[in-house]
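Start counting the sequence shown at 5; every next residue gets the next number (the numbering used here).
Working notes, structure below.
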Amino acid sequence: IGMTILKGRKTAISMILLIGLVGLAVLFLFAFYNPSNLVKDKYFWWWVVHLWVEGVWELIMAAILGFVLLRITGVDREVIEKWLYVIVTLALVTGIIGTGHHYYWIGTPAYWQWWGGIFSALEPLPFFAMTVFCFNMVNRRRRQHPNKAATLWALGTGVMAFLGAGVWGFLHTLAPINYYTHGSQITAAHGHLAFFGAYVMVVLTIISYAMPMLRGREVNPERAQVLEMWSFWLMTVSMVFITLFLTAAGILQVWLQRIIDNPQAFMAVQDQLALFYWMRWLAGVVFCLGLIVYLYSFFAKDKPQAVDVGTAQPAAT
5 IGMTILKGRK
15 TAISMILLIG
25 LVGLAVLFLF
35 AFYNPSNLVK
45 DKYFWWWVVH
55 LWVEGVWELI
65 MAAILGFVLL
75 RITGVDREVI
85 EKWLYVIVTL
95 ALVTGIIGTG
105 HHYYWIGTPA
115 YWQWWGGIFS
125 ALEPLPFFAM
135 TVFCFNMVNR
145 RRRQHPNKAA
155 TLWALGTGVM
165 AFLGAGVWGF
175 LHTLAPINYY
185 THGSQITAAH
195 GHLAFFGAYV
205 MVVLTIISYA
215 MPMLRGREVN
225 PERAQVLEMW
235 SFWLMTVSMV
245 FITLFLTAAG
255 ILQVWLQRII
265 DNPQAFMAVQ
275 DQLALFYWMR
285 WLAGVVFCLG
295 LIVYLYSFFA
305 KDKPQAVDVG
315 TAQPAAT
């Protein structure tokens with residue numbers, strides 16, 4: 005990919021994508037560092053996990069969204085590139101130092117509670133900027149692109165990434181709150197929505213845009229697009245409910261297990277969360293249904309329309 009980009013036209017979008025991909029590979033190298041000191045192990049572990057999500061992956065996501073929105077809206081490249089510069093700057097400034105919110109309880113110096121708390125509290129800003137960017141570009145579009153599904157996925161990516169990585173991440177990022185919520189179902193709620201919004205949906209966005217062209221047409225048939233948009237709403241709404249059910253379970257878990265005067269044992273609390281887990285399971289079934297609809301949309305074709313040949317008329321003589 006890198007050699008292809010370097011041989012081709014160098015644009016802000018392609019270079020941001022290349023920097024993100026290189027950063028992704030470089031940061032993954034820390035996964036192979038396995039020190040005997042547990043503090044060091046956890047310290048560098050987050051260089052992979054956190055600096056992927058709130059670091060280089062935001063560059064990749066911004067580049068992919070910028071490319072798709074450039075193609076489907078017809079907005080000037082200069083406008084999109086200026087937005088990308090702002091998003092990338094916010095992502096790197098807040099994300100790199102914001103890694104410190106993972107250093108609260110692993111044995112690192114206490115100053116990380118301040119540095120990590122302050123900068124991680126700012127981490128929703130690049131995701132919010134990405135959401136505003138998506139809607140702003142669609143509102144300023146110069147043409148109505150026939151690929152409505154790709155437009156919907158692009159808008160949904162901005163919103164869900166902001167909610168999952170931004171809002172739900174902020175809910176428990178400050179040290180005084182994280183002291184109680186760390187490792188609870190609130191963390192699971194954040195993880196579900198952030199992964200779906202920031203990872204899954206941007207991949208589905210580029211698939212929705214590129215797949216028709218890979219199959220020799222500009223867009224998918226109308227019926228396929230309708231099915232794909234149905235799958236979008238089924239998966240997105242069900243993921244929101246999964247997140248809400250896990251959040252409710254996490255709040256009750258924190259209260260029963262970590263706040264009340266006589267905290268209960270872990271498994272005793274889990275038994276009391278069973279209702280939320282069942283509701284989360286039902287939402288997961290709906291999500292799977294949406295995935296099935298999405299996969300089926302690849303094979304859907306428009307029904308052939310009947311042609312009214314009318315009544316035969318005698319030939320003129």
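Using N, Cα and C, we set each Cβ at its ideal position, and we do this for glycine too.
Keep in mind it's a predicted model, so treat the numbers as computed, not measured.
Would you mind sorting residue i into buried or exposed? The rule is 16 or more other CB atoms within 10 Å of its CB.
i    : result
F280 : buried
G70  : buried
V206 : buried
W51  : buried
M7   : exposed
Y89  : exposed
I296 : exposed
W282 : exposed
Q148 : exposed
F36  : exposed
Y336 : The structure shown does not extend to residue 336, since the chain is modelled only from 5 through 321, so no value can be given for it.
C138 : buried
I5   : exposed
W237 : exposed
E58  : buried
F329 : Residue 329 cannot be examined here, being either before or after the span of the chain that is shown, 5 to 321.
N143 : exposed
F270 : exposed
W3   : The question about residue 3 has no answer here: the residues shown for the chain are numbered 5 through 321.
S212 : buried
L22  : buried
E127 : buried
R13  : exposed
G220 : exposed
P39  : exposed
F200 : buried
R81  : exposed
R146 : exposed
A278 : exposed
T321 : With a pLDDT of only 46 at T321, under 50, the local geometry of the prediction cannot be trusted, and no value is derived from it.
Mapping the DSSP letters down to three states, classify residue i as helix, strand or coil.
i    : result
E62  : helix
N38  : coil
I84  : helix
Y107 : coil
A95  : helix
R75  : helix
K305 : coil
T112 : coil
T321 : Low confidence applies to T321: its pLDDT is 46, below 50, so where it sits in the model is not reliable, and the reading given next is rough at best. The answer is coil: DSSP assigns T321 none of H, G, I, E or B.
What are the boundary residues of the alpha helix (DSSP H) that includes residue i?
i    : result
F166 : Premise fails: F166 is in no alpha helix (DSSP H) and is neither H nor E.
L126 : Neither: L126 is in no alpha helix (DSSP H) and is coded neither H nor E.
G27  : 16-32
G6   : 6-11
With a threshold of 8 angstroms between beta-carbons, can residue i be considered close to chain D, or not?
i    : result
S188 : Within the model displayed, chain D is absent; a lone protein chain is all it includes.
Check: Are the stretch 85-95 and the stretch 60-76 in contact at 8 angstroms, needing three or more beta carbon pairs?
Finding: yes
Check: Contact between the stretch 176-187 and the stretch 215-222: three or more CB pairs below 8 angstroms?
Finding: no
Checklist line | Runs of alpha helix (DSSP H) lying entirely within the stretch 213-289, each at least 4 residues, in chain order | finding: 226-258, 270-276
Checklist line | Start-end ranges of the alpha helix (DSSP H) lying completely within the stretch 141-213, minimum 4 residues | finding: 152-165, 172-175, 179-185, 189-199
Notebook entry, point to check: Should the stretch 237-257 be regarded as contacting the stretch 194-211, the criterion being three or more beta carbon pairs within less than 8 angstroms?
Noted result: yes
Notebook entry, point to check: Are there three or more Cβ pairs, one per stretch, closer than 8 angstroms when the stretch 41-55 is compared with the stretch 97-117?
Noted result: yes
Next item on the list: May I ask you to verify whether the stretch 220-237 touches the stretch 286-305, counting CB pairs closer than 8 angstroms and requiring at least 3?
Entry: yes
Notebook entry, point to check: With a cut-off of 8 angstroms, do at least 3 Cβ pairs link the stretch 26-40 to the stretch 67-83?
Noted result: no
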